[in-house]
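J.: A single structure is presented below for examination.
There are 2 protein chains.
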Amino acid sequence: MTPPIRGPVSPLATSRLAVRPLGLDQVELTGGFWARWQRQNREVTTPHALSWLERDGSVANLRSLAKVGSSVPHQGMWFSDSDVHKVLEALSWDLGRAPSAYLSGSVSELAEVLRAAQQEDGYLNSYVQAGHDVRWDNLVMSHELYCIGHLIQAGVAHARATGTDELLDIARRAADCVVRDFAELRRKDTDGHPVIEMALVELYRQTGSRPYLELAQQLIDVRGHRVLDPKGHFDSTYYQDAVPVREQSTVVGHAVRALYLLCGVVDVYTETGERALLDSALRQWESLLATKMYLNGAVGSRFDGESFGDEYELPPDLVYGETCATIASVMLSWRLLLATGQSRFADHIERALHNLFAASTSVERDAFFYNNPAQRRTARPAAPTQTRPQRAEAPGTRPHWFQCACCPPNIMRTVASLGGYVATCADDGIQIHQYLPAVINAPAGSLTMATDYPLDGTVELTVTSSTSDTPWTLALRIPDWCRGATVTVNGDAASASPGERGYLELARPWQEGDRITLTLPMPPRLTTPHPAVDALRGTVAIERGPVVYCLESPDQADGVDLNHVEILVDEPLAEEPRPDLLGQPVIVVTAAGFARDDSAWAGSGWATLGEQPPPTGRPVRLTAIPYHLWANRGPSVMRIFIPTRHT
Amino acid sequence: MTPPIRGPVSPLATSRLAVRPLGLDQVELTGGFWARWQRQNREVTTPHALSWLERDGSVANLRSLAKVGSSVPHQGMWFSDSDVHKVLEALSWDLGRAPSAYLSGSVSELAEVLRAAQQEDGYLNSYVQAGHDVRWDNLVMSHELYCIGHLIQAGVAHARATGTDELLDIARRAADCVVRDFAELRRKDTDGHPVIEMALVELYRQTGSRPYLELAQQLIDVRGHRVLDPKGHFDSTYYQDAVPVREQSTVVGHAVRALYLLCGVVDVYTETGERALLDSALRQWESLLATKMYLNGAVGSRFDGESFGDEYELPPDLVYGETCATIASVMLSWRLLLATGQSRFADHIERALHNLFAASTSVERDAFFYNNPAQRRTARPAAPTQTRPQRAEAPGTRPHWFQCACCPPNIMRTVASLGGYVATCADDGIQIHQYLPAVINAPAGSLTMATDYPLDGTVELTVTSSTSDTPWTLALRIPDWCRGATVTVNGDAASASPGERGYLELARPWQEGDRITLTLPMPPRLTTPHPAVDALRGTVAIERGPVVYCLESPDQADGVDLNHVEILVDEPLAEEPRPDLLGQPVIVVTAAGFARDDSAWAGSGWATLGEQPPPTGRPVRLTAIPYHLWANRGPSVMRIFIPTRHT
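First to last, the protein sequences are chains G and R. Each residue of the first sequence is one higher than the one before, counting from 1 in my numbering. Each residue of the second sequence is one higher than the one before, counting from 648 in my numbering.
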């Protein structure tokens, strides 16, 4: 058996992969936006999160289980264990990136709490063990397998990052308890919230023990036959339990649940080769991208049930757009990229990371959006710093923590493991999916990547070693947004036409010192929505490279109300570099605009066609910043989509 | 003291009223759409509601309180008492319309239950009395004053309809308990859900006892100073407790609460003359109509908190549009109409009744929308007939009852008391606000009104008696949607120009047999939204007279997908009478349309401007029906707002 690769997704059955992942030890981020975030993730977000886990009772819930006769009531959400497990996973990946006594110590301390809390037979759930529910009795709501799923992911991450079993042992005991209880006796049961499926596959990959894979398959097979008894507000669709996954045509119900499930579905396909599973995931992903995804990578438009809406139901003002859902879309896209080698999945990852994901977190990296607005008509009060709002509340700025704190640790684990999404390898070479300053060590050779991307589109790759004198292929993603890409090798122009998978393929006997310069032109552009997106008709968005822009009130001239502006789409956009906007270099985009004077409409929101007041107003210059930077300068008004006007 | 008028709003201080209400005994609906609904309300909806109140435990909750030592746990929502009270109010108004042994018997039976449940000191709340909460301990959530408010409204309605105190006595004992507990000892407390304010004013009007009015004033004064301690999801704005009502500029927070509160605010103004209260209500109403109301009369766009959105936040696909909120907007508009005599308030009542309100109920009148979609992209399964969905679930057709069943009895009481909204009187004559077949008996004289309105715009009024030989004024509302109204008196044309209040005023010494013919042309027309309504940009709606139309899938040609159609706005609309559509005569409107073929977009919901596929498609004829008839023919796709296309 090949030793597992030290990253989040490490298939054993690599023969079915189009491209293979590299480990976190094989890709190092060396500078720029994302490396800075990784540093902040360790220095700012990690202590922030650990302190909130103590403040909000999540650790106390587990700690009290160790005390005999303790009867402290459970605090917070009934699935608060998962926050602890997800933070542990984040810390583990970060440990794999670079050692840290602080991180190791924090992991050990929490592992000790988990060990003491875990029952003799491996079961672990602080809410149930505190007597608030009965084990496996309320799976539709209880999140018991969900919490254990996150524990497994933490255990696997820690083992891969450190090579030790400190957390994995705990996770494995919990997983063994689930296998014992479910593989035979509860063949018709599953959890209301998927995640354990992909966790079990990864545990199989880590340990080689097939019962984990078999249980993952079983949990996927049973779902969709209305095995969960819906309680309260939500129906079987919400739980992805109305239609078996192999028959499902589009993503439905709770967005995070749907996408976590599909991650497990692709993972099982990868190990078993059941093509119907891959086909379903591809079909659902395609439907998602074509009809249910916002330009900023938001998925799941409805507040009601945190769920996907109907096709083309993408209103910017009432979008839910949960951070976890976009992260889940990245996780799914990565698995599909490994399975197919197609650039469209890396394109989505790029869109998601540079926009909604980056916007989810404050520039200080200690505050977070749970749901991500795409339009803010009225400036709202700043988020409180010392209390935890409910998840769907929408203050003007990012809250520091949440009653349901699933998103912040999800962001943390993604940032810590980001190196895993940059490049892959195959027998014929190396594929580069994301552009950022990095060192990449793959079987075929090693590379350094230097770039200011996405500030500009020049990417310099240098071969630092090559393990073979025979030709191998360096594949560079040509982003779907890019027109006119060019490439040179050691100064000589080469063909920049992408192959059928969407990658420019450079095949030659690479040697140390070879230099590849990829140039991706990224003039600012206007993007128009599909004509069936009713809520965005007659608007465009500004994009530049992979970055979605927005208009935010602090950047506009006095007296410009963003609720009453239009963009002159026939006039050119202009770029304006700002060396330091919110602590980073930024290219601002400006556009010719029109400040509409709607005062003649006073009194009614409706007019008979032909009787409406003629449009009046004045020309203005509109200033757009990258969407991910919004809401860092106090309460503000913001919009991504701008009504159009022709000159 | 002048005896109160036998209708829902009966001011004592009539000197401040621009126009005075007529009693339900003074206006009789004699035919057409609304009289038919009144009959169905009695014959179908009433037994349906009474049976559900038994099935869902609302009556049982109260009944069990009478049993000493009973410990049946409370069933349903903690404010289920209010459903019983509201049904009692509906039955009472209906009794006032015409006697019925069945209705009297039902009221008496329920009154007996209430009497037996009521505590010695008048307190009545089945949830608290069953031990699930402590009296007045949790006012932000408990709805104790809300429930008692509805009990008071039922008691007043019953007294006015029947002249007896059978229910009023119970209501008064509860009100006295509230006065005792709040007027002195709890001067800083109020209920999370307003309604008791207007109920107390009406009880004052019914009894002449000033402490009720004073407590209403006190509850209005205290609110807005963050006296409620918000729990969980919602903040002070949700409860209208963030800003004192006299300072509030626009409707905010939970829509029903905001509008119920404003009803009480106008009621207190009417009795006390404090102009700041009226000004606030006018200001908020104007803001509502100009920026936060849908064309169909829906108010409160957000699912999250059942609340008003920001200005111009009116997406059709994610609208909440609670039936109770639109009813509350009718109640508020009626109070403002009495205070000002201005037609714009009657215009809104007409819009609300003919559209959202009528759409809220199935043509069989035994099923209801809680939240009212303005667009349905995907046909959803039919509503269950034997179970009660959660309120915000949106099945394809109307559910028969709800876990939170506030809307159906609200609809019932409105239908039963609809005569009260038709006409008013003043010292100088009679004002007609709504056009429907009716007999009107006012102090100045009596009229019959014959019309097929809104099928056509001809209204025939005949004076059947006049109490004076001196001239008095018959004022006829010229609807805001109407262009080119004409009028004849005994066959002679008269001026149809409306006065400054929006009414055509005919002043003369009226005599028995005088005939007035008002003609309100109502060709179908296209209506365009305010340019700041982002979600409706580039669309129009079809209207005809007061009726908003929609496209529903059963009426379209095969293969026409309403998610991909456009309307050719330069082509004329056509009318097509249908003698029997869903059991009633209807004018269908057809329009030249275009079925867009969006297949070239497959794969992505976004395109760089200039690169999007050229629009292709084929001409189609679109068929529109009155919006209020949608969802009566099984699951369907529907839209009110249609993307525009120029020929």
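Built from N, CA and C at the ideal position, the CB exists for glycine as well. Note that the structure is predicted; figures quoted are calculated from it, not measured.
Between the region 890–906 of chain R and chain G, which residues of the former have a C-beta closer than 9 Å to a C-beta of the latter?
T.: none
J.: Assuming A1132(R) contacts T1166(R) under a Cβ cut-off of 8 Å, what Cβ separation, rounded to an integer in Å, is found between them?
T.: Position 485 of the second sequence holds residue 1132(R). Position 519 of the second sequence holds residue 1166(R). Confirmed, about 7 Å.
J.: Around the C-beta of H901(R), are 16 or more other C-beta atoms found within 10 angstroms, so that it is buried, or is it exposed?
T.: Start at 1 with the first residue of the second sequence, and residue 901(R) comes out as number 254. By the 10 Å Cβ count, H901(R) comes out buried.
J.: Pop quiz: I1058(R) and F1015(R) are said to be a contact at Cβ under 8 Å. What is the actual Cβ separation, rounded to whole angstroms?
T.: As a position in the second sequence, residue 1058(R) is number 411, starting the count at 1. As a position in the second sequence, residue 1015(R) is number 368, starting the count at 1. Confirmed, about 6 Å.
J.: Verify whether the separation of the beta carbon atoms of C324(G) and C407(G) is less than 8 Å.
T.: Counting from one through the first sequence, the residue named residue 324(G) turns up at place 324. Counting from one through the first sequence, the residue named residue 407(G) turns up at place 407. Contact: yes.
J.: Which of helix, strand or coil does DSSP assign to W334(G)?
T.: Residue 334(G) sits at position 334 when you count from the first residue of the first sequence. Note: W334(G) maps to helix in three-state DSSP.
J.: Is there contact between the region 203–210 of chain G and the region 141–150 of chain G, where contact requires at least three CB pairs shorter than 8 Å?
T.: no
J.: Consider the C-beta atom of S1009(R) and the heavy atoms of the ligand GTP; say whether any pair is separated by less than 7 Å.
T.: With respect to the ligand GTP, the structure shown offers nothing to examine, as it has no ligands at all.
J.: Let me check understanding here. Comparing Cα to Cα, which of L338(G), I170(G), R633(G) lies closest to A382(G)?
T.: Within the first sequence, residue 382(G) is the residue found at index 382, counting from 1. Minimum Cα distance to A382(G) is reached at R633(G).
J.: Indicate whether at least one CB of chain G lies closer than 8 Å to the CB of L875(R).
T.: For this step, residue 875(R) is matched to residue 228 along the second sequence. It does not; no Cβ of chain G falls within 8 Å.
J.: Against S333(G), what residues of chain R qualify as contacts under a CB-to-CB distance less than 7 Å, listed in chain order?
T.: As a position in the first sequence, residue 333(G) is number 333, starting the count at 1. The contacting residues do not exist; S333(G) stays about 14 Å from chain R at best.
J.: Do L259(G) and S329(G) come within 8 Å of each other at the CB atom, strictly closer than that value?
T.: Residue mapping note: residue 329(G) aligns to position 329 of the first sequence, counting from 1. Residue mapping note: residue 259(G) aligns to position 259 of the first sequence, counting from 1. Yes, the Cβ-Cβ distance between S329(G) and L259(G) is below 8 Å.
J.: What residue range does the beta strand (DSSP E) around E576(G) cover?
T.: The residue given as residue 576(G) occupies position 576 in the first sequence. Run containing E576(G): 574–581, per the beta strand (DSSP E) assignment.
J.: Look at the alpha carbon of G947(R) and the alpha carbon of Q1022(R), and state the distance between them as a whole number of angstroms.
T.: The residue labelled residue 947(R) in the question sits at position 300 within the second sequence. The residue labelled residue 1022(R) in the question sits at position 375 within the second sequence. Between G947(R) and Q1022(R), the C-alpha separation is close to 15 Å.
J.: Ordered along the chain, which non-local residues of its own chain (more than five positions away) have a Cβ less than 8 Å from that of V637(G)?
T.: Position 637 of the first sequence holds residue 637(G). Closer than 8 Å at the Cβ level, and outside the excluded window around V637(G), lie R376, R377, T378, A379, E552, S553, D561, L562, N563.
J.: Which residue from D703(R), I1163(R), W932(R), C1051(R) puts its Cα closest to that of D994(R)?
T.: Translated into positions along the second sequence, residue 994(R) becomes position 347. Taking only the C-alpha atoms, the option nearest D994(R) is W932(R).
J.: Between A346(G) and chain R, is the shortest Cβ-Cβ distance under 8 Å, so that the two count as touching?
T.: Residue mapping note: residue 346(G) aligns to position 346 of the first sequence, counting from 1. Taking Cβ atoms only, chain R never reaches closer than 8 Å to A346(G), which makes this a no.
J.: Let me know if I642(G) comes out buried or exposed under the rule of 16 or more other beta-carbons within 10 Å of its beta-carbon.
T.: In the first sequence, residue 642(G) corresponds to position 642, counting from 1. Result: buried.
J.: Could you compute how far the alpha carbon of M293(G) sits from the alpha carbon of V1010(R)?
T.: Within the first sequence, numbered from 1, the residue matching residue 293(G) stands at position 293. Within the second sequence, numbered from 1, the residue matching residue 1010(R) stands at position 363. Roughly 37 Å between the two C-alpha positions.
J.: Leaving out five residues on either side along the sequence, give the residues of the same chain with a beta carbon under 6 Å from the beta carbon of P316(G).
T.: For the purposes of this step, residue 316(G) is identified with residue 316 of the first sequence, where counting begins at 1. Once the five neighbours on either side are set aside, the close Cβ partners of P316(G) are A374, Q375, F641.
J.: Mind checking D366(G): buried by the 16 CB within 10 Å criterion, or exposed?
T.: On the first sequence, position 366 is the one that residue 366(G) refers to. By the neighbour-count rule (16 or more Cβ atoms within 10 Å), D366(G) is buried.
J.: State the CB to CB distance for the pair R413(G) and W93(G), rounded to an integer number of angstroms; the pair is presumed to be in contact (CB under 8 Å).
T.: Residue mapping note: residue 413(G) aligns to position 413 of the first sequence, counting from 1. Residue mapping note: residue 93(G) aligns to position 93 of the first sequence, counting from 1. About 6 Å separates the two Cβ atoms, so the contact holds.
J.: Check whether chain R comes within 8 Å of A631(G), counting only Cβ atoms and requiring the distance to be less than that.
T.: Translated into the one-based positions of the first sequence, residue 631(G) becomes position 631. No - not a single Cβ of chain R is within 8 Å of the one on A631(G).
J.: Provide the residue span of the alpha helix (DSSP H) that contains Y127(G), from first to last.
T.: Here residue 127(G) is taken as the residue at index 127 of the first sequence, counted from 1. Counting along the chain, the alpha helix (DSSP H) containing Y127(G) begins and ends at 126–129.
J.: E960(R) touches chain G at which residues, Cβ-Cβ below 8 Å?
T.: Translated into the one-based positions of the second sequence, residue 960(R) becomes position 313. Within chain G, the residues near E960(R) are D317, L318, R377.
J.: Check the Cβ-Cβ distances between T1263(R) and every residue of chain G, and say whether any is below 8 Å.
T.: The count along the second sequence starts at 1 and reaches residue 1263(R) at position 616. Closer than 8 Å: no.
J.: So within the region 670–728 of chain R, which uninterrupted alpha helix (DSSP H) runs reach at least 4 residues, ignoring any that extend past its ends?
T.: 679–687, 693–702, 705–713
J.: Using CA atoms only, rank isn't needed, just tell me which of A535(G), R596(G), L622(G) is closest to Q556(G).
T.: The count along the first sequence starts at 1 and reaches residue 556(G) at position 556. The shortest C-alpha separation from Q556(G) is found at L622(G).
J.: Tell me whether the beta-carbon of V107(G) lies closer than 8 Å to the beta-carbon of H48(G).
T.: Locating residue 107(G) in the first sequence gives position 107, where the first residue counts as 1. Locating residue 48(G) in the first sequence gives position 48, where the first residue counts as 1. Taking 8 Å as the Cβ cut-off, V107(G) and H48(G) do not qualify as a contacting pair.
J.: Put H1001(R) into one of helix, strand or coil per three-state DSSP.
T.: As a first step, residue 1001(R) is located in the second sequence; it is residue number 354 there, counting from the start. If DSSP states are grouped into helix, strand and coil, H1001(R) belongs with the helices.
J.: Please tell me whether Q853(R) has its Cβ less than 8 Å away from any Cβ of chain G.
T.: In the second sequence, counting from the first residue as 1, residue 853(R) sits at position 206. For Q853(R), no Cβ of chain G is located within less than 8 Å of the residue's own Cβ.
J.: Can you list the residues of chain G that M788(R) reaches, using a CB-CB cut of under 8 Å?
T.: Walking along the second sequence from the start, residue 788(R) turns up at place 141. Neighbours of M788(R) on chain G: none; closest Cβ ~15 Å, over 8 Å.
J.: Could you check where the alpha helix (DSSP H) with G264(G) kicks off and where it finishes?
T.: Position 264 of the first sequence holds residue 264(G). G264(G) -> alpha helix (DSSP H) spans 255–272.
J.: Using a Cβ-Cβ cut-off of 8 Å, state whether T291(G) counts as contacting chain R.
T.: For the purposes of this step, residue 291(G) is identified with residue 291 of the first sequence, where counting begins at 1. Closer than 8 Å to some Cβ of chain R, the Cβ of T291(G) qualifies, so yes.
J.: Report the residue from D514(G), T424(G), G419(G) whose alpha carbon sits nearest the alpha carbon of D25(G).
T.: In the first sequence, residue 25(G) corresponds to position 25, counting from 1. Distance check between D25(G) and each of D514(G), T424(G), G419(G) places G419(G) closest, using alpha-carbon atoms only.
J.: Between V826(R) and L786(R), which are expected to be in contact by the criterion C-beta below 8 Å, what is the C-beta distance as a whole number of angstroms?
T.: Here the question's residue 826(R) lines up with position 179 in the second sequence. Here the question's residue 786(R) lines up with position 139 in the second sequence. Actually they do not touch by this definition, with Cβ atoms about 16 Å apart.
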